[in-house]
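Participant:
In the numbering used here, the protein residues as written are 556 to 884.
In structure tokens:
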């Protein structure tokens with residue numbers, strides 16, 4: 556989207572901050588791809604890097620980075636110091652792009668603006684691991700935009716998508732105590748490399764591990780006579796993980812696995828398929844991919860029986876109870 560402001564002639568009104576008859580170009584960053592449908596850019600995004608691309612060649616002709624308090628100011632706009640012409644705008648934003656992901660600093664063509672998750676390798680198995688609380692990563696791009704020669708101030712909107720997702724796995728024991736050290740939690744997917752257009756590139760499988768595991772008790776409400784709930788305290792364990800982008804066309808690939816103290820795999824489910832089961836519970840109509848892009852926090856609650864196995868008839872996803880109809884899901 557393009558906004559054109561202050562289109563006065565040189566013989567008419569001139570804005571003090573401009574002081575000439577040249578065109579002025581600016582970028583506005585918007586992050587309303589969230590479940591609140593409200594722009595949260597100033598609250599969430601603390602670093603931006605914008606690239607301008609020549610659509611004829613695909614070459615990067617200009618780039619700029621800004622971060623910190625400047626981005627939190629109301630009406631923040633980035634000045635674009637380029638000549639009139641046609642450009643595509645592409646942005647990688649958030650602290651994550653520097654701390655937990657890598658983008659080539661010497662990129663000269665738009666196809667080189669890929670983003671790769673930093674990972675460790677298990678010294679025994681060689682498996683690629685990520686066990687960090689990943690800092691937020693955002694991506695945005697526009698269609699080709701015209702930067703006119705005529706005087707005025709032109710504002711180009713760059714709409715962002717958040718790529719990092721928080722997954723909180725809760726185990727609640729139905730009849731005993733959970734010892735957090737006894738359970739192993741992983742999420743696996745080959746989604747550690749993102750292309751310039753934010754699609755997932757071929758990559759090795761990443762094993763995401765918790766960056767924090769906590770144990771305690773949780774109160775569960777059970778309905779009793781006269782619909783008066785009775786609250787029962789249960790032993791619980793919470794594992795916090797952060798993963799890269801979720802894609803609807805890869806719904807079989809990302810899997811949540813939990814192992815009990817005996818080393819038995821008690822949970823093995825496709826996370827994306829389960830996440831999409833509650834998409835229809837929200838008031839807005841969304842495609843599967845739009846829901847995954849908007850919903851960046853997933854709370855999964857599993858109940859464990861006396862044998863330390865999953866009581867797999869149901870699961871809670873973001874506070875919605877899902878009754879499992881098939882063990883194949």
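A virtual CB, placed ideally from N, CA and C, is assigned to each residue, including glycine.
On a predicted model such as this, the values are computed, not experimentally measured, just so you know.
On the criterion of 16 or more Cβ atoms from any shown chain inside 10 Å, does residue 839 qualify as buried, or is it exposed?
Facilitator: exposed
Participant: Give the single residue among 731, 730, 728, 763 whose Cα lies nearest to the Cα of residue 743.
Facilitator: Nearest to residue 743 by C-alpha distance, out of 731, 730, 728, 763, is 763.
Participant: I think residue 769 touches residue 793, with their Cβ atoms under 8 Å apart; what is that distance to the nearest whole Å?
Facilitator: 5 Å
Participant: Can you list the alpha helix (DSSP H) stretches of 4 or more residues lying completely in the stretch 632 to 691, in chain order?
Facilitator: Within the stretch 632 to 691, the complete alpha helix (DSSP H) runs of at least 4 residues are 651 to 654.
Participant: I need the DSSP call for residue 596, collapsed to helix, strand or coil.
Facilitator: helix
Participant: Give every residue of the same chain whose Cβ lies closer than 7 Å to the Cβ of residue 651, excluding the five residues on either side of it in the sequence, and list them in chain order.
Facilitator: 689, 690, 691, 692, 719
Participant: Considering only C-alpha positions, which residue in the set 822, 591, 581, 603 is nearest to residue 712?
Facilitator: 581
Participant: Relative to the alpha-carbon of residue 790, which residue among 585, 726, 801, 595 has its alpha-carbon at the smallest distance?
Facilitator: The shortest C-alpha to C-alpha distance from residue 790 to any of 585, 726, 801, 595 is the one to 726.
Participant: CA-CA distance, residue 853 and residue 640?
Facilitator: 43 Å
Participant: Strictly by DSSP, which residues pair up with residue 722?
Facilitator: 796, 853
Participant: Measure how close the beta-carbons of residue 629 and residue 730 come, nearest whole angstrom, since I'm counting them as under 8 Å.
Facilitator: Contact doesn't hold; Cβ gap of about 54 Å is too wide.
Participant: DSSP puts residue 694 in a beta bridge; with which residues?
Facilitator: 647, 716
Participant: Which of the three DSSP states is assigned to residue 547 in this structure?
Facilitator: Since the first residue shown for the chain is 556 and the last is 884, residue 547 is missing from the structure and cannot be characterised.
Participant: Return the chain-ordered list of same chain residues with a C-beta closer than 8 Å to the C-beta of residue 699, the five sequence neighbours on each side being excluded.
Facilitator: 610, 641, 642, 643
Participant: CA-CA distance, residue 603 and residue 879?
Facilitator: One Cα belongs to residue 603, the other to residue 879, and the distance between them is close to 42 Å.
Participant: What separation, rounded to the nearest whole angstrom, lies between the Cα atoms of residue 681 and residue 673?
Facilitator: 15 Å
Participant: Could you check if residue 848 is buried or exposed, using at least 16 other CB atoms within 10 Å of its CB as the buried criterion?
Facilitator: buried
Participant: Are residue 836 and residue 865 close, meaning C-beta to C-beta below 7 Å?
Facilitator: No, these two residues do not count as a Cβ contact at 7 Å.
Participant: Looking at C-beta atoms only, is the number of pairs between the stretch 742 to 757 and the stretch 661 to 673 that lie closer than 8 Å three or more?
Facilitator: yes
Participant: Quick check: what's the CA-CA separation for residue 814 versus residue 826?
Facilitator: 16 Å
Participant: Quick check: the Cα distance between residue 834 and residue 851, rounded to an integer number of angstroms?
Facilitator: 13 Å
Participant: If the criterion is Cβ atoms closer than 7 Å, does the pair residue 683 and residue 755 meet it?
Facilitator: no
Participant: Measuring alpha carbon to alpha carbon, tell me which of 741, 595, 817 ends up nearest residue 649.
Facilitator: Of the listed residues, the one whose Cα sits closest to residue 649 is 595.
Participant: Should residue 695 be labelled buried (16 or more other beta-carbon atoms within 10 Å of its own) or exposed?
Facilitator: buried
Participant: Is it true that the CB of residue 845 sits closer than 7 Å to the CB of residue 831?
Facilitator: At least 7 Å separates the beta-carbon of residue 831 from that of residue 845.
Participant: When you compare each of 811, 621, 841 to residue 583 by their alpha carbons, which one comes out closest?
Facilitator: 621
Participant: Buried or exposed, going by whether 16 or more other CB atoms sit within 10 Å of the CB of residue 559?
Facilitator: Note that residue 559 has pLDDT 49, beneath the 50 cutoff, so the model's placement of it is unreliable and the number below is only indicative. The residue in question, residue 559, is exposed, as its Cβ has fewer than 16 Cβ neighbours within 10 Å.
Participant: Put residue 736 into one of helix, strand or coil per three-state DSSP.
Facilitator: helix
Participant: Taking the alpha carbon of residue 577 as the reference point, which residue from 635, 585, 624 has its own alpha carbon closest?
Facilitator: The residue with the shortest Cα to Cα distance from residue 577 is 635.
Participant: Drop a sphere of 10 angstroms on the beta-carbon of residue 701, count the other beta-carbons inside from all chains shown, and report buried for 16 or more, exposed for fewer.
Facilitator: exposed
Participant: Please work out which residues of its chain come closer than 6 Å, Cβ to Cβ, to residue 606, disregarding the five sequence neighbours upstream and downstream, and give them in chain order.
Facilitator: 615, 618, 645
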